[in-house]
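Residue numbering for the sequence shown follows our numbering, beginning at 167 and increasing consecutively.
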Amino acid sequence: MSRILVVDNYDSFVWNLVHYLAQLGAEVEVWRNDDERFAELLADRPSQPLGFDGILLSPGPGTPEEAGVCVELVRRLGERTPIFGVCLGLQSIAVAYGGTVGRAPELLHGKVSSVFHDDLGTMAGLPNPFDATRYHSLAISELPEALEVTARTESGVIMTVRHRQHPVEAVQFHPESVLTQGGHRMLANWLAACGDPDAVARSAGLRPLMVGG
């Protein structure tokens with residue numbers, strides 16, 4: 167079992183993600199992005215355990231600069247802690263490593279797109295392409311050198327990224343959406359990177375939540 171910290175960017179989708187993680191066997195704790203406990207978590211104690219096996223940055227409104235502690239969290243902990251970003255979480259990761267985020271080519275709210283990927287990391291074992299649900303008006307406009315693109319839409323919009331050296335991955339779409347294929351498997355692949363390889367087997371047969379956010 168992995169102990170996961172979910173950073174809540176004041177978004178209703180976060181509880182769907184928490185439910186998915188719990189279904190996969192994770193012990194989950196949720197902190198808002200301005201929680202006072204982050205001061206202690208980010209204290210410079212490289213030799214001491216973090217207390218969490220991985221950190222998930224949730225979707226949310228606004229820009230990465232408005233996402234509380236997210237950008238600093240990636241900069242301070244990404245080298246040694248598995249981090250997975252969703253939507254605003256992906257954008258925060260891009261900014262943390264020196265990238266820029268701008269207006270997406272189109273405003274999307276619940277649009278399903280085909281995603282073509284490299285079948286590695288969180289994308290391992292998924293159909294190629296697979297359907298993913300997108301809710302975003304922002305997208306990566308300039309990719310930092312530290313990150314590589316691991317999936318795109320047919321029109322070329324960046325959908326997933328991975329750090330070239332550190333255990334950091336992110337998706338622009340919503341894996342917890344009922345219309346996204348393989349959402350449990352994506353999160354299970356990430357939990358495996360957090361130290362729980364059995365999560366992948368647990369993902370078999372799990373169905374999307376039939377609720378909205």
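Ideal Cβ placement from N, Cα and C applies to all residues, glycine included.
Within the same chain, Thr229, Pro230, Gln257, Ala260, Val261, Leu304, Ala305, Ile306, Ser307 come within 8 Å of Val267 by CB-CB distance, once the 5 residues on both sides are set aside. Taking a contact as a CB-CB distance under 8 Å, the pair Leu357 and Leu190 counts as one, their CB atoms being some 6 Å apart. If you look at Leu222, you'll find it in the beta strand (DSSP E) that goes 220-223. Rounded to whole angstroms, the gap between the alpha carbons of Gln331 and Thr247 is 12 Å.
Boundaries of the alpha helix (DSSP H) around Ala354: 349-359.
Taking the Cα positions, Val194 is about 23 Å away from Gln347. Buried is the label assigned to Glu342, since at least 16 other Cβ atoms lie within 10 Å of its Cβ. The beta carbon of Val180 is closer than 6 Å to those of Asp174, Ser224 in its chain, skipping five residues each way along the sequence. Cβ-Cβ distances below 7 Å link Ser369 to Leu190, His350, Arg351, Ala354 in the same chain, with the five nearest sequence neighbours on each side left out; the list follows chain order. Contact between Cys236 and Tyr301 does not hold, since their C-beta atoms are separated by about 17 Å, which reaches or exceeds 8 Å.
The beta carbon of Gly226 is closer than 7 Å to those of Asn175, Tyr176, Asp177, Ala233, Leu254 in its chain, skipping five residues each way along the sequence. DSSP places Val344 outside any beta strand (DSSP E), giving it a letter other than H or E. If you draw a straight line from the Cα of His340 to the Cα of Pro363, it is about 22 Å long.
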